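Everything on this sheet refers to the single structure shown next.
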Amino acid sequence: MTGERGEGALAGDGRARLAIAAAALALAASTSLSGVLEPFELVASDAVLRAASRRVEVEAFPAEVPDAAVVGIDPRSIHLWAWPWSRALHARLVDALEDAGARAVVFDIDFAPARDAEGDALFARAIERSGRVVLASIDQVGESADAPDGDAAGGATRLPLASLARPAAAIGSAMLLFDANGGPRRSPLPPVPSLPPSAREPADSRDAGADALPPLALAALWAVRPDARPALDTALRIDHRGRWTPMPVVSAVDVLEG
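Listed below in structure tokens is the structure:
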């Protein structure tokens with residue numbers, strides 16, 4: 002009798018533990034699906050990345066990002082040439098970078114509004130001469146720094162001026178996706194896998210809707226390596242481990258004035 006009661010009690014305890022575990026699992030699943038835990042999961046993911054990067058020998062990471070540099074529109078440049086610049090200056094930048102041997106020139110600047118006609122025409126011709134210039138579509142809230150007075154972006158996507166977009170090697174989206182805790186971790190990919198610009202008709206890559214554009218970084222990669230096929234899912238994820246050596250920054254003044 003005692004043995005039978007003990008086995009029954011053990012069986013009852015097992016069923017109770019199983020029921021509690023099932024309830025906990027259901028609660029975890031429901032909170033995960035509802036997004037309640039997403040901010041905590043993102044923080045934990047960032048912590049895991051940082052911890053993993055500390056365990057990797059520094060030599061496993063490149064000493065520098067090869068063949069890449071940032072041309073900075075810095076205080077020196079703004080002091081010399083008031084912003085917004087005539088696009089004649091951007092044309093000079095393209096020509097100077099071409100002369101320096103740049104394999105691609107990527108502008109993360111809002112070129113949606115027309116400026117002075119002569120400067121716009123000079124820039125368009127420089128883009129066409131190069132054949133390796135990548136321009137950005139910009140998602141903005143509020144007024145654009147390069148927009149005419151009173152021209153508010155209103156959160157809409159701004160594509161480059163058509164006369165500039167047509168000769169460009171590619172157009173890429175500079176948009177970042179912000180996660181639940183406000184951190185930018187992803188750049189969205191088009192809903193349909195994009196082909197490199199060289200494999201598409203011009204209308205496909207220049208006149209496509211903003212939601213069909215590849216991330217700016219991927220457009221830049223294709224400008225250099227049209228055959229590249231990186232393994233991606235629905236977003237280009239940003240590496241926040243912080244172990245990469247920053248790219249060198251060169252003032253636009255130094256590029257233009259030597």
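Each residue of the sequence shown is one higher than the one before, starting from 2 at the first, in the working numbering. Beta carbons are placed, not taken as given, at the ideal position from N, Cα and C, and that holds for glycine. Keep in mind the model is a prediction, meaning the values are calculated, not measured.
Over what stretch of residues does the beta strand (DSSP E) that includes aspartate 140 continue unbroken?
Segment 134-140, the beta strand (DSSP E) holding aspartate 140.
If the criterion is Cβ atoms closer than 8 Å, does the pair proline 174 and proline 215 meet it?
The residue you asked about is not proline; residue 174 is serine in the sequence shown. The answer is yes: Cβ separation under 8 Å.
Among residues of its own chain, excluding the 5 on either side of leucine 220, which ones have a beta-carbon nearer than 7 Å to its beta-carbon?
It should be pointed out that residue 220 corresponds to alanine in this sequence rather than to leucine. Cβ neighbours of alanine 220 beyond the five flanking positions: Val135, Ala171, Ile172 and Gly173.
What is the rounded straight-line gap between the Cα of glycine 155 and the Cα of proline 114?
Bear in mind that a pLDDT of 42 at glycine 155, under 50, signals an unreliable position, so the model cannot answer this.
Taking the straight line between their C-alpha atoms, what separation do you get for alanine 83 and valine 72?
Each residue's alpha carbon lies about 17 Å from the other.
Report the three-state DSSP secondary structure of valine 193 (helix, strand or coil).
Since pLDDT at valine 193 reaches only 39, below the 50 mark, its modelled position is unreliable, and the value read off the structure follows with that caveat. Three-state result, valine 193: coil.
Cβ-heavy atom distance between alanine 229 and the ligand ZN below 7 Å?
Ligands in the displayed structure: none, and consequently the ligand ZN is not present.
Name the one or two DSSP bridge partners that serine 174 has.
Note: serine 174 sits in a beta bridge opposite Ser138 and Pro216.
Could you name the residues that DSSP lists as bridge partners for serine 252?
According to DSSP, which records beta bridges pairwise, serine 252 is partnered with Gly73.
Identify every residue that forms a DSSP beta bridge with valine 106.
Answer by DSSP bridge pairing, in chain order: Val134.
Give the range of the alpha helix (DSSP H) segment to which leucine 90 is assigned.
Note, leucine 90: alpha helix (DSSP H), 88-100.
Can you tell me whether DSSP reads arginine 126 as helix, strand or coil?
Arginine 126: helix per DSSP, three-state reduction.
Three Cβ pairs or more, each shorter than 8 Å: is that satisfied between the segment 97-104 and the segment 115-125?
Taking 8 Å as the limit for Cβ pairs, the verdict is that the segment 115-125 does not touch the segment 97-104.
May I have the straight-line CA-CA distance separating leucine 160 from proline 249, to the nearest angstrom?
One C-alpha to the other measures close to 28 Å.
Beta-carbon within less than 7 Å of glycine 132's beta-carbon, same chain only, minus the 5 sequence neighbours each way: which residues are those?
Cβ within range, chain order: Ala170.
Alpha helix (DSSP H) containing leucine 162: first to last residue?
Segment: none, leucine 162 is in no alpha helix (DSSP H) and carries neither H nor E.
Just the Cα atoms here: how many angstroms apart are valine 225 and arginine 104?
Answer to the nearest angstrom: the Cα atoms are 6 Å apart.
Near arginine 88, which residues of its chain fall below 6 Å by C-beta distance, leaving aside the five closest residues on each side in sequence?
Here the set comprises Arg116, Gly120, Asp121 and Phe124.
Using DSSP with H/G/I as helix, E/B as strand and the rest coil, what is glycine 120?
Glycine 120 falls in the helix class under three-state DSSP.
Return yes when the Cβ of leucine 165 is within less than 8 Å of the Cβ of isoleucine 128, no when it is not.
Going by C-beta atoms, isoleucine 128 is nearer than 8 Å to leucine 165.
Which same chain residues, not among the five before or five after aspartate 109, have their C-beta less than 7 Å away from its C-beta?
Excluding residues within five positions, the ones whose Cβ falls inside 7 Å are Ala137, Ala175 and Leu217.
Going by other Cβ atoms of all chains shown within 10 Å of its Cβ, with 16 needed for buried, is aspartate 79 buried or exposed?
The sequence shown places isoleucine at residue 79, not aspartate. Under this definition isoleucine 79 is an exposed residue.
Mind checking whether phenylalanine 112 and leucine 162 have CB atoms under 8 Å apart?
Cβ atoms of phenylalanine 112 and leucine 162: closer than 8 Å.
Using only the alpha-carbon positions, how far apart do arginine 130 and arginine 167 sit?
Whole-angstrom Cα-Cα distance: 12 Å.
Which term fits alanine 92, buried or exposed, when burial requires 16 or more other beta carbons within 10 angstroms of its beta carbon?
Per the 10 Å Cβ criterion, buried.
How big is the Cα-Cα spacing for glycine 102 and alanine 69?
Spanning the two alpha carbons is a distance of roughly 12 Å.
Can you have a look at alanine 253 and say buried or exposed, based on whether 16 or more other CB atoms are within 10 angstroms of its CB?
It counts as buried.
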